[in-house]
Structures are given as C-alpha cells and as structure tokens.
Amino acid sequence: MLEIKDLYAGFDETEILKGISLSVKKGETHAIMGPNGSGKSTLAKILSGHPSYIVTSGEVLFEGENLLDLSTEERSLAGIFMGFQYPVEIPGVNNAEFLRMAYNARQVNEGKDEVDPLDFDDILQEKMDLLSMESKYKERSCNDGFSGGEKKKNEILQMAILRPLLSVLDETDSGLDIDALRVVADGVNRLKNKDNALILITHYQRLLDHIEPDFVHVLSKGTFVKSGGKDLAHDLEAQGYDWLTPTN
Amino acid sequence: MENKDDPISGVLDNEYKYGFVTDIESDTFAKGLNENVVRAISRKKNEPEFMLNFRLKAYKKWLTMKQPAWPNVQYPAIDFQNISYFSAPKPKKKLESLGEVDPEVLRTFEKLGIPLDEQKRLANVAVDAVFDSVSVATTHKKKLMEVGIIFCPISEAVQDYPELVEEYLGTVVPVGDNFYAALNSAVFTDGSFVYIPPDTISPMELSTYFRINTEETGQFERTLIICAENSYVSYLEGCTAPQFDTNQLHAAVVELVTQDNAEIKYSTVQNWYAGDPETGKGGIYNFVTKRGKCQGEKSKISWTQVETGSAITWKYPSCILQGDGSVGEFYSVALTNGHMQADTGTKMLHIGKDTRSSIISKGISADHSSNSYRGLVRVGKGASNARNYTQCDSMLVGDKCSAHTFPYIETGNNTLQVEHEASTSKISEEQLFYFEQRGISRENAITAIINGFCKDVFKQLPMEFAVEAQKLLTLKLENSVG
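Going down the list, the protein sequences come from chains A and B. Residue 24 in numbering that gives the first Met the number 0 is what sits at position 25 of the first sequence, and the numbering runs on without skipping anything. Residue 298 in numbering that gives the first Met the number 0 is what sits at position 299 of the second sequence, and the numbering runs on without skipping anything.
Take a look at the structure:
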C-alpha cells in the first residue's frame with residue numbers, strides 16, 4: 000500500500016529525515032517510536048503533504064502512485080488520514096458541519112451524492128456512540144476549547160467517518176488519561192480491517208498495549224535504527240532509547 | 000490645489016473602462032463649484048424654494064469646513080473644483096451580448112452564481128421583455144401603492160410630496176454635519192425616497208435594485224426613509240456584483256426616521272471597485288454619512304452592512320436613540336484586501352430613557368490593507384438605564400495587513416450598563432492544512448472559516464443576500480490566504 004524509498008526531507012533548510020525506507024501492506028499495523036526530535040512527526044507531515052515540509056530526495060508510492068505529486072487534498076481523497084498530534088482549533092465552524100464537509104468531499108470524489116445534515120446526523124451519532132462522545136460536541140466549534148482528550152477523540156471520530164485506507168496517528172495517546180486511552184484504542188481497533196493499514200507514531204509503549212502492532216520501527220536522528228516485532232516496544236520501555244542511538 | 004498627479008482628476012478625465020461608456024456628453028456642467036452652480040442644479044431640477052434654500056445653506060456651511068483628517072486612512076487631497084456637479088441622466092450604452100462584457104466581470108458573476116438574465120441586467124446587456132427590470136418595477140410599485148407606501152426617486156418626491164421632504168430632509172443629518180454631508184446637501188441630484196404610512200408592514204423588501212428609476216444617481220446620492228408609527232420596512236441597498244463607476248468620489252447621505260413603535264432595517268452590500276490590487280489606483284472613495292433617528296418611543300433602527308469594496312471607506316451608520324425605550328443596532332462585516340483602507344463603525348447616541356444599543360463588528364483584513372473600527376457610545380444626562388453591548392472582532396489574513404479598533408464611550412449619567420468584547424484572530428496556514436488533510440478544498444475551507452466568523456452578521460441579512468455575501472467574501476479572499 001505504502002512504499003517509502005530512501006526519503007530525505009526537512010523543514011526550511013534543516014534536513015530532518017535522512018534516508019528512510021518503509022513498506023506498509025494492507026492489514027498491517029506499524030508503530031514508529033523514537034525520542035523527541037527524531038523526525039517522527041516530520042514523517043507524518045511529509046506523508047500528508049504539509050506545505051512547510053520539503054522532500055529533497057527519495058520516493059513515496061501510495062497504492063502504486065507517486066504520492067509526492069499529489070496535493071494535501073488529493074492525498075486525503077486518495078485515502079490517507081492523519082491524526083494530528085495537536086488538532087487545530089477552528090472557531091466558528093460547527094464540528095458536525097466540518098465533519099459533513101469532509102464526508103461530502105469524499106462522496107463527491109467517489110461520484111456519489113452529498114449527504115444532507117439530517118442523514119449525516121445518523122452516521123455521525125453512530126460513530127460518536129462508538130467513542131462515547133457527548134452529543135454537545137456536534138454543535139460546538141471544531142476542536143475549539145475542547146480538552147486534550149476530547150480533541151484526540153475528535154480525531155478518531157473523523158477517522159471513523161472518513162474510513163481511510165492508511166491512517167497515520169501522530170502521538171494520539173498524548174494528553175489522554177487511561178480511560179480515554181482505552182476508548183480511543185478500542186475505536187481504532189474496531190476500524191482496523193484487512194484492507195486498511197495503520198501507522199502509529201508514539202513516544203511511549205503504553206498505546207501499544209492497547210493497539211497491537213505487527214512491526215515496530217525505532218527512529219533516531221532521522222534514520223531507522225532498529226525494526227522488529229511488537230516485543231521491541233517492551234525492550235524500549237525497559238531500556239530507553241539510548242542504547243539504539245547512533246554514535247556517529 | 001493644482002496637481003498633475005491627482006488621481007481623482009485622472010480618473011474623472013478617463014472614459015469608463017468597463018464598457019458602460021456614455022456616448023452623449025451634452026448637458027453636463029463645467030467643472031467647479033460655486034453658488035451659481037448650486038442655484039443651477041436646483042433650477043435644472045425645477046425645485047421649490049425650500050430646496051434651493053436648503054442647498055444654499057449647505058453650500059455656505061461647506062465653504063467654512065475642512066476635509067476631516069482624523070480617519071485612519073491616507074489619500075491625496077481632492078480638488079473639489081475639478082469635479083463636474085451636474086450631468087443629466089445619460090442612457091447607458093446597451094451591449095448586444097455578454098460577449099462584449101469584460102471577461103473578468105463575467106468570471107466574477109459566475110463565481111457569485113448570479114443568474115444569466117441578472118448578469119445581463121447588471122452589465123447593461125439588452126434583456127428579454129420578460130426580464131425587463133422596468134416591468135418588474137412596475138409590478139412592485141403597484142403592490143406598494145395599494146398599501147400606501149411611497150417608494151420613488153427623491154427628485155420625484157421633491158415634486159410630488161414636497162411637504163414630506165421639507166419636514167424631514169436634513170433633520171437627521173443637518174446640512175453642516177460634516178464636510179461631505181454638507182457637500183452632498185448642496186449638490187445632490189438624486190437618490191431614494193421611502194414613506195411607510197402608519198400601521199403598515201411593507202409587503203416586500205424594498206431594494207435599490209428595482210428602484211423605479213434605475214438611472215445612475217451619481218456620486219452624491221441622497222436617501223430619506225420615513226417609517227410612521229407601528230410600521231415596518233426592510234430596505235436593501237447595493238448588490239454583491241462588482242460595481243464600477245466613473246466617479247471616484249462618492250459622498251452619499253442616508254437619513255432614516257422612525258416614529259413610535261416603528262422599525263427600519265437597512266441592509267447594505269457594498270462592492271465598489273477597489274482599485275488596482277497592486278497599487279490601489281483608480282478605486283472608489285466612499286465617504287458616506289448614514290444616520291437614523293429613533294424619534295418615537297420603542298422604535299428601532301437596525302443597520303446591517305457588508306462592506307467589501309472601495310479603495311477607501313469612511314462610514315459610520317449611526318442611531319440617535321431619542322424616543323424612550325428605543326433600540327439601535329449595528330451589524331457590520333468589513334473586508335479589506337489589496338491596498339484598501341476602511342475606517343468604519345457606528346455611533347449610538349442615547350438620549351431617551353431605557354434605550355438600548357448593540358454593536359457587532361467583524362473586520363477582516365488581508366494583503367496590504369488597513370481596517371479600522373471606530374465606535375462611539377454616548378449617553379446623555381437624561382438617558383437613564385441605557386444599555387450597550389459591543390462586540391468587535393478582527394480577523395487577519397496574512398501578515399502585511401492591519402486591524403485597529405477605536406472604541407469611545409462618553410456617559411453623562413451613572414446608570415449606563417456597557418459590555419464590551421473584542422478579539423483578534425487569524426486564518427492560519429495550519430487551519431487550512433487541517434481542512435485540506437480532511438479532503439476539503441482550500442476555497443471551501445476559507446468559506447467555512449469566514450462564515451463562522453461572520454455568522455452573527457449574516458443571519459441579519461435577508462436569505463439570498465446572505466448567500467451572495469458569503470460567496471462574495473470567499474471570492475475576495477481566495478487569493479489572499481497562504
């Protein structure tokens with residue numbers, strides 16, 4: 000589904016990713032772990048096409064197509080979803096309306112009819128129940144004044160509504176208490192199936208207790224320093240990142 | 000004052016560049032203003048004595064006044080002797096098809112979703128008889144006459160209802176009120192007149208759109224609306240389609256009067272040419288005086304404006320709350336982009352007891368523009384238990400624009416209750432990225448954010464007007480973000 004080949008990329012003049020390669024197939028869950036500043040979030044921004052991040056060399060294929068040629072909007076419509084580490088507040092834009100805009104953008108892209116607010120409310124309510132979100136979050140402005148936990152739930156709500164092929168969840172566990180983490184993780188697990196894929200970006204292993212990865216990759220100073228199965232996450236939890244940090 | 004580079008004279012000398020060129024140049028006064036010109040205007044229009052005296056009084060006041068220097072706008076000095084103050088209504092050149100209209104204008108029409116026949120009317124292309132605006136106007140006029148409503152050009156009202164005009168003209172905006180109002184009072188040639196008799200709810204929204212005489216009213220437009228006791232009218236001025244004009248200086252005066260329990264709702268969408276987006280050259284200067292007097296008890300005047308055009312806007316629709324328990328409202332969206340400058344706001348003058356006013360102002364600035372809100376709430380000695388609510392929000396798009404707020408409160412008694420809220424926000428690249436990551440186009444994202452920001456004002460507008468206003472703002476901003 001996703002093929003990253005020897006990718007070099009960065010922000011402004013600073014090169015952050017220094018030659019990474021990764022292959023993600025349908026049905027797989029990959030965890031990318033690493034200390035702060037290792038380039039984890041940069042990878043998420045690059046995949047979603049953030050305009051401030053620049054690819055200097057390398058290749059990214061998504062479903063066989065050159066992802067780097069697509070705009071942010073096109074990537075989204077092609078099936079890439081990013082769960083933001085810091086979801087952006089949109090004052091004045093009703094959350095339900097925001098979600099409906101996103102849903103309808105997909106409908107139109109797939110040649111289907113747009114859904115009116117009443118029908119959409121049924122779709123929305125079902126997904127909100129799944130995440131134990133109170134219905135007041137429909138009427139409030141998108142993310143505006145939401146607690147950290149509600150913002151993260153709102154990200155997963157969007158994922159549930161948009162049913163992407165590939166979800167890149169950037170530090171979705173940060174800011175969540177243990178109950179909220181369980182709800183969010185349950186939601187993600189329920190959305191997971193053999194046709195989609197998941198990349199979890201996380202600093203801590205605790206998210207991986209709830210969402211079991213097939214592969215764990217450790218990113219440090221812009222390169223993958225180790226890859227392995229889910230046990231690798233436990234080793235990291237016990238020993239920290241230092242033993243993996245490249246010395247050169 | 001002789002200045003070769005004076006952009007006003009430059010534009011005044013130019014032909015109309017958007018195709019509405021007038022062929023007939025006869026019956027236009029030579030440039031310049033003096034007492035004889037004022038007398039000649041009055042004579043040309045065959046006005047009764049009181050009108051001539053009104054004009055002369057205004058002219059004499061004007062001679063003693065100076066152009067205001069306090070607004071937060073910059074422009075070269077205007078040479079008032081280099082303007083022609085009278086030209087008989089000239090027929091606009093009819094175009095054969097939309098193919099003759101400037102493609103840029105057509106693109107804007109399309110973006111705004113204006114129907115084809117409406118486009119033709121606006122661009123002055125000959126239209127089918129069915130859509131002829133005159134026949135529409137006649138139908139409306141008949142309907143209004145049945146309930147006793149007078150809606151006509153003010154020049155007609157001076158002839159047909161001189162006693163009404165004499166009683167009210169200049170009672171809300173006195174001839175010497177300010178420099179531009181004085182000039183307007185001396186030389187105005189036309190505008191609208193509305194009279195709603197007692198106990199009458201206007202059966203339709205009155206609009207300058209289908210005013211009976213739709214000829215150009217020129218740069219000094221004069222409007223007078225009187226709403227007698229227990230009556231209601233909603234009046235719409237302007238339209239969202241881009242308006243071009245050979246006259247660079249516009250100094251209109253609008254006066255509203257409400258008697259006991261009457262209500263006037265006055266809505267404006269202004270989209271005059273703002274000048275070259277790079278240099279600001281050639282745009283309209285809009286120096287307008289709009290004021291309403293709540294003369295009767297429990298009467299109400301509500302101003303709603305969406306200001307998106309003009310190179311310079313200088314405008315403060317105001318309410319004199321004279322009747323006890325009267326209410327004044329001001330809802331405003333002012334958008335500036337390119338090199339536009341806007342200094343706009345309102346004045347709420349509380350005179351009667353238990354008077355209330357609310358002010359909701361939304362300023363959006365983009366590109367290199369400057370957007371100022373200036374509001375005054377003045378409470379007189381006798382205005383016990385007056386209340387005011389002011390909310391003043393600014394949105395910045397990009398980092399080269401500016402927003403300013405100048406709120407003034409003057410109170411003559413200690414029973415006033417005032418609430419003031421203000422905020423400044425930005426459309427950020429991060430917000431747009433968030434929308435786009437969800438598959439929502441940049442254009443739809445801007446629309447959603449702007450609508451959210453302006454919804455308290457838009458909901459005051461009549462439905463179709465609100466929809467057009469939303470599209471208009473998006474259109475204006477789509478090249479400014481990011």
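The C-beta atom is built at its ideal place from N, Cα and C for all residues, glycine as well.
Checklist line | Glu316 (chain A) versus Lys24 (chain A) - alpha carbon distance | finding: Nothing in the structure corresponds to residue 316 (chain A), since chain A is present only between 0 and 247.
Checklist line | Whole-angstrom distance between Ala447 (chain B) and Phe457 (chain B), CA atom to CA atom | finding: Your numbering for residue 457 (chain B) matches position 458 in the second sequence. Your numbering for residue 447 (chain B) matches position 448 in the second sequence. For Phe457 (chain B) and Ala447 (chain B), the distance between alpha carbons rounds to 13 Å.
Next item on the list: Measure the CB-CB distance between Gln204 (chain A) and Glu236 (chain A) and report whether it falls below 8 Å.
Entry: Looking up residue 204 (chain A) in the first sequence gives position 205. Looking up residue 236 (chain A) in the first sequence gives position 237. Contact flag set, yes.
Margin query: In whole angstroms, give me the CA-to-CA distance for Val232 (chain B) and Gly327 (chain B).
Written below: The sequence position of residue 232 (chain B) within the second sequence is 233, counting from 1. The sequence position of residue 327 (chain B) within the second sequence is 328, counting from 1. Cα-Cα distance, rounded: 15 Å.
Note to self: At the level of alpha carbons, what is the spacing between Val129 (chain B) and His349 (chain B)?
What the structure shows: By 1-based counting over the second sequence, the position of residue 129 (chain B) is 130. By 1-based counting over the second sequence, the position of residue 349 (chain B) is 350. Reliability fails at Val129 (chain B), whose pLDDT of 34 lies under 50, so the model's placement of it is uncertain and no value is given.
Checklist line | Enclosing alpha helix (DSSP H) for Gln459 (chain B) [first to last residue] | finding: On the second sequence, position 460 is the one that residue 459 (chain B) refers to. Premise fails: Gln459 (chain B) is in no alpha helix (DSSP H) and is neither H nor E.
Next item on the list: Name, in chain order, the residues that DSSP records as bridge partners for Asp189 (chain B).
Entry: On the second sequence, residue 189 (chain B) is found 190 positions in, with the first residue counted as 1. According to DSSP, which records beta bridges pairwise, Asp189 (chain B) is partnered with B:Glu220.
Next item on the list: Specify the secondary structure class of Ser56 (chain A) as computed by DSSP and reduced to three states.
Entry: Taking the first residue of the first sequence as position 1, residue 56 (chain A) is located at position 57. Of the three classes helix, strand and coil, the one that applies to Ser56 (chain A) here is strand, per DSSP.
Margin query: Run through chain B and tell me which residues come within less than 7 Å of Ile122 (chain A), C-beta to C-beta.
Written below: On the first sequence, residue 122 (chain A) is found 123 positions in, with the first residue counted as 1. By Cβ distance, chain B contributes nothing, its closest Cβ being about 15 Å from Ile122 (chain A), past 7 Å.
Check: Listed in chain order, which residues of the segment 396-412 of chain B have Cβ atoms closer than 9 Å to some Cβ of chain A?
Finding: none
Next item on the list: Give me the Cα-Cα distance between Ile198 (chain A) and Asn450 (chain B), rounded to the nearest whole angstrom.
Entry: Here residue 198 (chain A) corresponds to residue number 199 of the first sequence, with the count starting at 1. Here residue 450 (chain B) corresponds to residue number 451 of the second sequence, with the count starting at 1. The alpha-carbon atoms of Ile198 (chain A) and Asn450 (chain B) are separated by roughly 35 Å.
Notebook entry, point to check: What is the DSSP secondary structure of Gln416 (chain B), reduced to helix, strand or coil?
Noted result: Sequence index remark: in the second sequence, residue 416 (chain B) carries index 417 (1-based). Note: Gln416 (chain B) maps to strand in three-state DSSP.
Note to self: Less than 8 Å between CB atoms is the rule here; does Thr71 (chain A) satisfy it with respect to chain B?
What the structure shows: For the purposes of this step, residue 71 (chain A) is taken as the residue at position 72 of the first sequence. Answer yes: the Cβ-Cβ gap between Thr71 (chain A) and chain B drops below 8 Å somewhere.
Check: Starting from Leu334 (chain B) and walking both ways along the beta strand (DSSP E), at which residues does that stretch end?
Finding: For the purposes of this step, residue 334 (chain B) is identified with residue 335 of the second sequence, where counting begins at 1. Where Leu334 (chain B) is concerned, the enclosing beta strand (DSSP E) stretches over Val326 to Thr335.
Check: Do you know whose CA, among A:Gly26, A:His49 and A:Lys17, lies nearest Phe432 (chain B)'s CA?
Finding: The residue labelled residue 432 (chain B) in the question sits at position 433 within the second sequence. Comparing Cα-Cα distances from Phe432 (chain B) to each of A:Gly26, A:His49 and A:Lys17, the minimum goes to A:His49.
Checklist line | Cut-off 6 Å between Cβ atoms - residues of its own chain near Ile302 (chain B), not counting five sequence neighbours on either side | finding: Within the second sequence, the letter at position 303 stands for residue 302 (chain B). Note on residue identity: the sequence assigns Trp, not Ile, to residue 302 (chain B). Excluding residues within five positions, the ones whose Cβ falls inside 6 Å are Tyr265, Pro316 and Phe329.
Next item on the list: Using beta-carbon positions only, say whether Pro197 (chain B) and Asn229 (chain B) come within less than 8 Å of one another.
Entry: Taking the first residue of the second sequence as 1, we reach residue 197 (chain B) at position 198. Taking the first residue of the second sequence as 1, we reach residue 229 (chain B) at position 230. Yes, the Cβ-Cβ distance between Pro197 (chain B) and Asn229 (chain B) is below 8 Å.
Checklist line | Neighbourhood of Gly517 (chain B) by C-beta, 6 Å cutoff - its chain only, sequence neighbours within 5 removed | finding: Chain B is shown only over 0 to 481; residue 517 (chain B) falls outside these bounds and no answer can be derived.
Margin query: With three or more beta-carbon pairs closer than 8 Å as the criterion, would you say the segment 391-411 of chain B touches the segment 362-376 of chain B?
Written below: yes
Note to self: Run through chain B and tell me which residues come within less than 9 Å of Met100 (chain A), C-beta to C-beta.
What the structure shows: What you label residue 100 (chain A) is simply residue 101 of the first sequence in a count that begins at 1. Chain B residues near Met100 (chain A): Phe434, Arg437, Gly438, Ile439, Asn443, Ala444 and Ala447.
Note to self: So His29 (chain A) and Asp213 (chain A) are supposed to be a Cβ contact under 8 Å. How far apart are they, rounded?
What the structure shows: Residue mapping note: residue 29 (chain A) aligns to position 30 of the first sequence, counting from 1. Residue mapping note: residue 213 (chain A) aligns to position 214 of the first sequence, counting from 1. Contact flag correct, Cβ pair sits at about 7 Å.
Checklist line | alpha helix (DSSP H) segment containing Gly186 (chain A), residue limits | finding: Counting from 1 along the first sequence, the entry for residue 186 (chain A) is found at position 187. Segment Ile177 to Leu190, the alpha helix (DSSP H) holding Gly186 (chain A).
Checklist line | Cutoff 8 Å: Lys470 (chain B) Cβ touching any chain A Cβ | finding: Here residue 470 (chain B) refers to the residue found at position 471 when the second sequence is read from its first residue. Taking Cβ atoms only, chain A never reaches closer than 8 Å to Lys470 (chain B), which makes this a no.
Next item on the list: Flag this pair as yes or no: are the beta carbons of Lys4 (chain A) and Thr222 (chain A) separated by less than 8 Å?
Entry: As a first step, residue 4 (chain A) is located in the first sequence; it is residue number 5 there, counting from the start. As a first step, residue 222 (chain A) is located in the first sequence; it is residue number 223 there, counting from the start. Cβ distance not < 8 Å, so Lys4 (chain A) and Thr222 (chain A) don't count as in contact.
Checklist line | Proximity to Met339 (chain B) [Cα-Cα], best of B:Ser371, B:Phe49 and B:Lys346 | finding: Here residue 339 (chain B) refers to the residue found at position 340 when the second sequence is read from its first residue. Comparing Cα-Cα distances from Met339 (chain B) to each of B:Ser371, B:Phe49 and B:Lys346, the minimum goes to B:Ser371.
Item checked: Separation of Glu306 (chain B) from Ser331 (chain B), as counted between CA atoms -> Counted from its first residue, the second sequence places residue 331 (chain B) at position 332. Counted from its first residue, the second sequence places residue 306 (chain B) at position 307. Near 8 Å, if we compare the C-alpha coordinates of Glu306 (chain B) and Ser331 (chain B).
Notebook entry, point to check: Leaving out five residues before and five after Glu138 (chain A) in sequence, what residues of the same chain have Cβ atoms less than 8 Å from its Cβ?
Noted result: As a working note, residue 138 (chain A) is residue 139 in the first sequence. Hits under 8 Å: Asn93, Asn94 and Ala95.
Next item on the list: Please classify Arg54 (chain B): does DSSP put it in a helix, a strand, or coil?
Entry: As a working mapping, residue 54 (chain B) is identified with position 55 in the second sequence. Arg54 (chain B): helix per DSSP, three-state reduction.
Item checked: Inter-residue spacing [alpha-carbon to alpha-carbon] between Ser8 (chain B) and Leu32 (chain B) -> In the second sequence, counting from the first residue as 1, residue 8 (chain B) sits at position 9. In the second sequence, counting from the first residue as 1, residue 32 (chain B) sits at position 33. For Ser8 (chain B), the predicted model reports a pLDDT of 40, less than 50, meaning its position is unreliable; a value from the coordinates is still stated below. Cα-Cα distance, rounded: 15 Å.
Next item on the list: Give me the Cβ distance between His202 (chain A) and Met81 (chain A), rounded to the nearest whole Å; I'm assuming they're in contact under 8 Å.
Entry: Counting from 1 along the first sequence, the entry for residue 202 (chain A) is found at position 203. Counting from 1 along the first sequence, the entry for residue 81 (chain A) is found at position 82. No, His202 (chain A) and Met81 (chain A) are not in contact; Cβ-Cβ is about 17 Å, not under 8 Å.
Note to self: Could you tell me which whole alpha helix (DSSP H) segments of length 4 or greater appear in the segment 68-95 of chain A?
What the structure shows: 71-77
Margin query: According to DSSP, simplified to helix, strand and coil, what is Lys137 (chain A)?
Written below: What you label residue 137 (chain A) is simply residue 138 of the first sequence in a count that begins at 1. Looking at Lys137 (chain A) - three-state DSSP - the assignment turns out to be helix.
Notebook entry, point to check: Between the C-alpha atoms of Lys454 (chain B) and Gly237 (chain B), what's the straight-line distance to the nearest angstrom?
Noted result: Here residue 454 (chain B) is taken as the residue at index 455 of the second sequence, counted from 1. Here residue 237 (chain B) is taken as the residue at index 238 of the second sequence, counted from 1. Roughly 20 Å separates the two Cα atoms.
Notebook entry, point to check: From Ala341 (chain B) to Val72 (chain B), what does the alpha carbon distance come to, in whole angstroms?
Noted result: Taking the first residue of the second sequence as position 1, residue 341 (chain B) is located at position 342. Taking the first residue of the second sequence as position 1, residue 72 (chain B) is located at position 73. If I take the Cα positions, the gap works out to 7 Å.
Next item on the list: Could you tell me which chain B residues have their CB closer than 7 Å to the CB of Arg105 (chain A), listed as they occur along the chain?
Entry: Along the first sequence, one-based indexing puts residue 105 (chain A) at 106. Those within 7 Å of Arg105 (chain A) in chain B are Gly438.
Check: Who pairs with Trp69 (chain B) in a beta bridge, going by DSSP?
Finding: For the purposes of this step, residue 69 (chain B) is taken as the residue at position 70 of the second sequence. Looking at the DSSP assignment, Trp69 (chain B) forms no beta bridge with any residue, so it has no partner.
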